[in-house]
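Just so you know, we're using UniProt numbering here: the sequence shown kicks off at 1 and counts up by one.
Yeah, the Cβ is synthetic: ideal placement off N, Cα and C, and Gly gets one too.
Quick caveat, the model's predicted, so the values are computed rather than measured.
Step one of this worksheet: look at the structure below.
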Amino acid sequence: MSDLETFRAETRAWLEANCPPEMREPVRDDEDVYWGGRRATFKNAAQKAWFEACVAKGYTVPAWPKEYGGAGLSPAEAKVLREEMSRINARPPLSSFGIWMLGPALLQFGTEGQKARFLNEIARGEIRWCQGYSEPGSGSDLVSLQTFGEDEGDHWVVNGQKIWTSYADQADWIFCLVRTDKNDKYKGITFMLYDMASEGVTTKPILLISGNSPFCETFFDNVKVPKSYGEDCPAYVGEVNRGWDVAKYLLGHEREMISGAGGGERSAAIGAMMKRHAAKLGDDLDPVLRAELAMFDVDALAYTAMGEKFLDEIKVGKAHPAQPNMMKYVGTELNKRRHELMMAVGGSRSLEWESEETGGGKPARGWLRTKANSIEGGTSEVMLNVISKRILDLPGA
Numbered sequence: 001m002s003d004l005e006t007f008r009a010e011t012r013a014w015l016e017a018n019c020p021p022e023m024r025e026p027v028r029d030d031e032d033v034y035w036g037g038r039r040a041t042f043k044n045a046a047q048k049a050w051f052e053a054c055v056a057k058g059y060t061v062p063a064w065p066k067e068y069g070g071a072g073l074s075p076a077e078a079k080v081l082r083e084e085m086s087r088i089n090a091r092p093p094l095s096s097f098g099i100w101m102l103g104p105a106l107l108q109f110g111t112e113g114q115k116a117r118f119l120n121e122i123a124r125g126e127i128r129w130c131q132g133y134s135e136p137g138s139g140s141d142l143v144s145l146q147t148f149g150e151d152e153g154d155h156w157v158v159n160g161q162k163i164w165t166s167y168a169d170q171a172d173w174i175f176c177l178v179r180t181d182k183n184d185k186y187k188g189i190t191f192m193l194y195d196m197a198s199e200g201v202t203t204k205p206i207l208l209i210s211g212n213s214p215f216c217e218t219f220f221d222n223v224k225v226p227k228s229y230g231e232d233c234p235a236y237v238g239e240v241n242r243g244w245d246v247a248k249y250l251l252g253h254e255r256e257m258i259s260g261a262g263g264g265e266r267s268a269a270i271g272a273m274m275k276r277h278a279a280k281l282g283d284d285l286d287p288v289l290r291a292e293l294a295m296f297d298v299d300a301l302a303y304t305a306m307g308e309k310f311l312d313e314i315k316v317g318k319a320h321p322a323q324p325n326m327m328k329y330v331g332t333e334l335n336k337r338r339h340e341l342m343m344a345v346g347g348s349r350s351l352e353w354e355s356e357e358t359g360g361g362k363p364a365r366g367w368l369r370t371k372a373n374s375i376e377g378g379t380s381e382v383m384l385n386v387i388s389k390r391i392l393d394l395p396g397a
């Protein structure tokens, strides 16, 4: 057997021994997703056992170096692990903006002191992070942000407001874009890290049309942010006033995260709904709808293959910097299609808002929630503009 085949056999055996049956079932509610953090609680013993087994193995962040809490897997080994987890429908042991966004930025721009502290905390699920980017007047034009940090020597005093801050009311820390020089639009932003428990930080949930709200307004009123958390551990990533470089890098990972909702599950959720309604639907499912379901499945498979191709290009240093924009656009549009099809398959029952049959209106609420996918993290229109200019090299308007 080759080394990779041996690793696959060992991984399969480890998963069979350590992933409880409950952690192989579809996610049914928010409590089925473990986010970690100072206030985190486990839904059940199975969730706790799966998380702890993965932390011990380094599998919450398998591709990160071992000294930062990962397993030190090569890209090929990490791909095998993903495939084997997908084969048994294993849930992620830990969901985290620290893993998806801040971690890659720290690996690229962080000091050794920052990596040793923050990456290990992220890998162990000890700190839950949120993202302070968008402001009421700065969305697609993010670089115009106005939240300001006044330099007071050994600390900044931050004042301003962020909006659409996902799970800010449940987060422990925030990675936040703060203007520190009003005279330079691009080279006047600092990428700061600070505790959400700091005096002067308040949050207010934003109610969505779906009835569920991960989003918050976040306010900073004279928040004191120290410039250092110890030796070689500054409270900012990269350089002071050069946070836009870090922000752009992180945006690519955010768009990859949002795009992942499109093809990862393929039509599994649709298939589950069809199974629930099989007795009532019989052979009466509209043939046009059947064809649309098949087309979605083909497109979702193509999207997954495109993602694997991009990962392979990253490994050999041939990835285009605008590829995350392409993934984000296709993934979010695909996810909206998936939920439209789920609603179509369920018929009028899918519109029920509170019934037990629909899990408290889960199909309708999920369908409404996807409308934001093509806005958050950069609108589909902005993504298409980037693709046309930077990948297709088309002339501007």
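Excluding sequence positions up to five away, which residues of its chain have a Cβ less than 6 Å from the Cβ of Leu-250? Taking the sequence shown and counting its residues from 1, one reaches residue 250 at position 250. Contacts found: Met-101, Ala-105.
Lys-162 - containing beta strand (DSSP E), residue span: Numbered from its first residue, the sequence shown carries residue 162 at position 162. Per DSSP, Lys-162 belongs to the beta strand (DSSP E) from 155-162.
Sequence-distant residues of its chain with Cβ nearer than 6 Å to Ser-134 (five each side left out): Position 134 of the sequence shown, counted from the first residue, corresponds to residue 134. Closer than 6 Å at Cβ, skipping near neighbours: Ile-163, Trp-164.
Give the single residue among Met-23, Trp-244, Arg-87, Ala-46 whose Cα lies nearest to the Cα of Asp-141. Taking the first residue of the sequence shown as 1, we reach residue 141 at position 141. Looking at the Cα atoms, Trp-244 is the closest of the given residues.
To the nearest angstrom, report how far apart Cys-146 and Gly-58 are at their CA atoms. The residue you call residue 146 lines up with position 146 of the sequence shown. The residue you call residue 58 lines up with position 58 of the sequence shown. The sequence as given places Gln at residue 146; Cys does not occur at that position. Going from the Cα of Gln-146 to the Cα of Gly-58 covers about 39 Å.
So which of Ser-350, Asp-32, Asn-335 has the shortest CA-CA distance to Ser-95? If you number the sequence shown from 1, residue 95 lands on position 95. Ranking Ser-350, Asp-32, Asn-335 by Cα distance to Ser-95 puts Asp-32 first.
Ser-348 - DSSP class collapsed to helix/strand/coil: The count along the sequence shown starts at 1 and reaches residue 348 at position 348. Helix, per DSSP.
What does the alpha-carbon distance come out to for the pair Pro-363 and Leu-384? Locating residue 363 in the sequence shown gives position 363, counting from the first residue. Locating residue 384 in the sequence shown gives position 384, counting from the first residue. Their Cα atoms are separated by approximately 28 Å.
Using only CA atoms, which one of Thr-202, Cys-216, Cys-130 lies nearest to Gly-36? Indexing the sequence shown from 1 puts residue 36 at position 36. Per the Cα distances, Cys-130.
Can you look up Glu-83 in the DSSP assignment and give me helix, strand or coil? Position 83 of the sequence shown, counting from 1, holds the residue named residue 83. Glu-83 falls in the helix class under three-state DSSP.
First through last residue of the alpha helix (DSSP H) which encompasses Gln-108: Within the sequence shown, numbered from 1, the residue matching residue 108 stands at position 108. Run containing Gln-108: 103-109, per the alpha helix (DSSP H) assignment.
Keeping to the same chain, check which residues put their C-beta closer than 7 Å to that of Glu-150; ignore five residues upstream and five downstream. Within the sequence shown, the letter at position 150 stands for residue 150. Excluding residues within five positions, the ones whose Cβ falls inside 7 Å are Trp-156, Val-157.
Label Asn-335 either buried or exposed according to how many other C-beta atoms from any shown protein chain fall within 10 Å of its C-beta, with 16 as the threshold for buried. If you number the sequence shown from 1, residue 335 lands on position 335. Buried, since its Cβ has 16 or more Cβ neighbours within 10 Å.
What are the boundary residues of the beta strand (DSSP E) that residue 403 is part of? The chain is shown from 1 up to 397; residue 403 falls before or after that span and cannot be answered.
Quick one: what's Ile-189 bridged to in DSSP? Position 189 of the sequence shown holds residue 189. Beta-bridge pairing links Ile-189 to Arg-179, Arg-242.
DSSP three-state assignment for Ala-278, whether helix, strand or coil: As a first step, residue 278 must be located in the sequence shown, where it is residue number 278. Low confidence applies here, because Ala-278 scores a pLDDT of 46, under 50, leaving its location unreliable; read the following figure in that light. It is helical.
If you draw a straight line from the alpha carbon of Leu-73 to that of Val-55, how long is it in whole angstroms? Here residue 73 refers to the residue found at position 73 of the sequence shown. Here residue 55 refers to the residue found at position 55 of the sequence shown. Their Cα atoms are separated by approximately 14 Å.
Tell me, to the nearest whole angstrom, how far the beta carbon of Gly-132 is from that of Arg-365; I am working on the premise that it is less than 8 Å. For the purposes of this step, residue 132 is taken as the residue at position 132 of the sequence shown. For the purposes of this step, residue 365 is taken as the residue at position 365 of the sequence shown. With 8 Å as the limit, Gly-132 and Arg-365 do not qualify as a contact, their Cβ atoms being about 26 Å apart.
Can you tell me whether Trp-173 is helix, strand or coil according to DSSP? The count along the sequence shown starts at 1 and reaches residue 173 at position 173. If DSSP states are grouped into helix, strand and coil, Trp-173 belongs with the strands.
Mapping DSSP to helix, strand and coil, what is Tyr-68? Counting from 1 along the sequence shown, the entry for residue 68 is found at position 68. In the structure shown, Tyr-68 sits in a helix (DSSP, three-state: H, G or I).
For Arg-87 and Gly-264, the rounded distance between their alpha carbons: As a working mapping, residue 264 is identified with position 264 in the sequence shown. As a working mapping, residue 87 is identified with position 87 in the sequence shown. Since pLDDT at Gly-264 reaches only 49, below the 50 mark, its modelled position is unreliable, and the value read off the structure follows with that caveat. Approximately 12 Å between the Cα atoms of the pair.
What is the DSSP secondary structure of Gln-131, counted as helix, strand or coil? As a working note, residue 131 is residue 131 in the sequence shown. DSSP places Gln-131 in strand when its eight states are reduced to three.
Residue span of the beta strand (DSSP E) that contains residue 400, given as start and end: The question about residue 400 has no answer, for the chain in this structure spans 1 to 397.
Would Ala-291 be called buried (16 or more neighbouring beta carbons within 10 Å of its own) or exposed? On the sequence shown, position 291 is the one that residue 291 refers to. It counts as exposed.
Local conformation of Cys-19 per DSSP, three classes: Taking the first residue of the sequence shown as 1, we reach residue 19 at position 19. Cys-19 falls in the coil class under three-state DSSP.
Just to confirm my understanding: we take Arg-266, look at its own chain, exclude 5 residues before and 5 after, and list those with CB closer than 7 Å. What are they? As a working note, residue 266 is residue 266 in the sequence shown. At Arg-266, the pLDDT of 46 sits below 50, so the modelled position is not reliable; the number obtained from the coordinates is stated separately. Counting only Cβ-Cβ distances below 7 Å, and skipping sequence neighbours, we find Asp-297, Ala-300, Leu-301.
Can you tell me which of Thr-304, Ser-348, Leu-293 puts its alpha carbon nearest to the alpha carbon of Leu-341? Numbered from 1 along the sequence shown, position 341 holds the residue referred to as residue 341. The shortest Cα separation from Leu-341 among Thr-304, Ser-348, Leu-293 belongs to Leu-293.
Please determine, among Leu-193, Val-80, Asn-241, Val-223, the residue with the shortest C-alpha to C-alpha distance to Lys-187. In the sequence shown, residue 187 corresponds to position 187, counting from 1. Comparing Cα positions, the closest option is Asn-241.
So what's Asp-32 in DSSP terms, helix, strand or just coil? As a position in the sequence shown, residue 32 is number 32, starting the count at 1. Three-state result, Asp-32: helix.
Over what stretch of residues does the beta strand (DSSP E) that includes Lys-224 continue unbroken? For the purposes of this step, residue 224 is taken as the residue at position 224 of the sequence shown. Where Lys-224 is concerned, the enclosing beta strand (DSSP E) stretches over 216-226.
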